[in-house]
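Written out below as structure tokens is the structure these notes cover.
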Amino acid sequence: MTSVLVVDDEPQIVRALRINLSARGYDVMTAYDGKSALGVAVEGKPDVVVLDLGLPDIDGVDVIAGLRGWSTIPIIVLSARTDSSAKVEALDAGADDYVTKPFGMDELLARLRAAVRRDLARETGDPVVTTSSFVVDLAVKKVRRDGREVHLTPTEWGLVEILARNPGRLVSQKQLLQEVWGPMHVNESQYLRVYFAQLRRKLEDDPARPKHLITEPGMGYRFEL
Numbered sequence: 486m487t488s489v490l491v492v493d494d495e496p497q498i499v500r501a502l503r504i505n506l507s508a509r510g511y512d513v514m515t516a517y518d519g520k521s522a523l524g525v526a527v528e529g530k531p532d533v534v535v536l537d538l539g540l541p542d543i544d545g546v547d548v549i550a551g552l553r554g555w556s557t558i559p560i561i562v563l564s565a566r567t568d569s570s571a572k573v574e575a576l577d578a579g580a581d582d583y584v585t586k587p588f589g590m591d592e593l594l595a596r597l598r599a600a601v602r603r604d605l606a607r608e609t610g611d612p613v614v615t616t617s618s619f620v621v622d623l624a625v626k627k628v629r630r631d632g633r634e635v636h637l638t639p640t641e642w643g644l645v646e647i648l649a650r651n652p653g654r655l656v657s658q659k660q661l662l663q664e665v666w667g668p669m670h671v672n673e674s675q676y677l678r679v680y681f682a683q684l685r686r687k688l689e690d691d692p693a694r695p696k697h698l699i700t701e702p703g704m705g706y707r708f709e710l
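In terms of my numbering, the sequence shown has 693 at position 208, counting the first letter as 1, and numbering is strictly consecutive.
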């Protein structure tokens, strides 16, 4: 049974999530503030955390940092903060995904399932990531489409590799820029627009309507299988 830690200071949201998740076979733990959340996470070792940022004692970003100090557990942020800077801050702190309140239960459940699948994939360590349009082989650093190798530049490969290692996860612009171009270029978001346009032309069936290399405006990119 997959265990989920729900952290939110709004009792009605905690109750709704507990009912919906329990009905779908999840083992649900709850906490109403940041300090309690960290304690429950240490004791209960949940498989995934659903975390509100606006907690009464410590900020949710600090809770993410506290969890990341010892664990790679998937963290889905659930917050009413809609500005992109708050989302980017949470992602840079180590969150795996971000859902904005008010939210649809179906969307949250889909993000939850994806987070659990990603964590399982990391544990199994399969180096081959397969989409409906192309295959990424992380071991040999190659991409194949229709059985043929697609030539990627080192920079293009760097972007694909980061996303392919985090399928379904929202990866921030800052993280991509820092890891591929270096810390001096974290504000050069135009680089990403140019290179992702090139990658879509090479890998997507319809570059104008990409299915795999998805832009989350103002935040980052997501790799969908």
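We put the CB at the ideal spot given by N, CA and C, even for glycine.
1) Straight-line CA distance for Tyr676 to Gly529?
2) Can you check DSSP and say which residues form a bridge with Lys627?
3) Going by CA-CA distance only, name the one from Phe588, Ser618, Lys586 and Val548 that's closest to Pro692.
4) In angstroms, rounded to a whole number, what distance separates the CA positions of Arg678 and Asp604?
5) Tell me which residue opens and which closes the alpha helix (DSSP H) that Arg470 is part of.
6) Ala578 by DSSP, collapsed to three states: which one?
7) Are the CB atoms of Arg650 and Arg707 within a distance shorter than 8 Å?
8) Enumerated in chain order, which unbroken segments of the beta strand (DSSP E) with a length of 3 residues or greater are wholly contained in the stretch 630 to 703?
9) Where do the N-terminal and C-terminal ends of the alpha helix (DSSP H) with Leu536 fall, by residue?
10) Would you be able to state if there are at least three C-beta pairs under 8 Å between the stretch 557 to 564 and the stretch 576 to 596?
11) Should Asp518 and Asp542 be called a contact, given that it needs their Cβ atoms to be closer than 8 Å?
12) Which residues in the same chain as Met590 place their Cβ atom closer than 7 Å to its Cβ, once the five residues preceding and following it in sequence are excluded?
13) From the DSSP output, which residues share a beta bridge with Ser488?
14) Please identify the residue among Met669, Lys572, Val613 and Leu637 whose C-alpha is closest to the C-alpha of Leu710.
15) In three-state DSSP terms, what is Arg707?
16) Are Leu661 and Leu644 closer than 8 Å when you measure CB to CB?
17) With H, G and I counted as helix, E and B as strand and the rest as coil, what does DSSP make of Leu506?
18) Since Met514 and Leu490 are thought to touch, with beta carbons under 8 Å apart, how far apart are those beta carbons, to the nearest angstrom?
Looking at the atomic coordinates:
1) 42 Å
2) Asp622
3) Ser618
4) 28 Å
5) One cannot answer for residue 470 here, as it falls past the ends of the chain, which runs 486 to 710.
6) helix
7) no
8) 633 to 635, 655 to 657 and 698 to 701
9) Not the alpha helix (DSSP H): Leu536 falls in the beta strand (DSSP E), residues Val533 to Leu536.
10) yes
11) yes
12) Asn505
13) Asp512
14) Val613
15) strand
16) yes
17) helix
18) 5 Å
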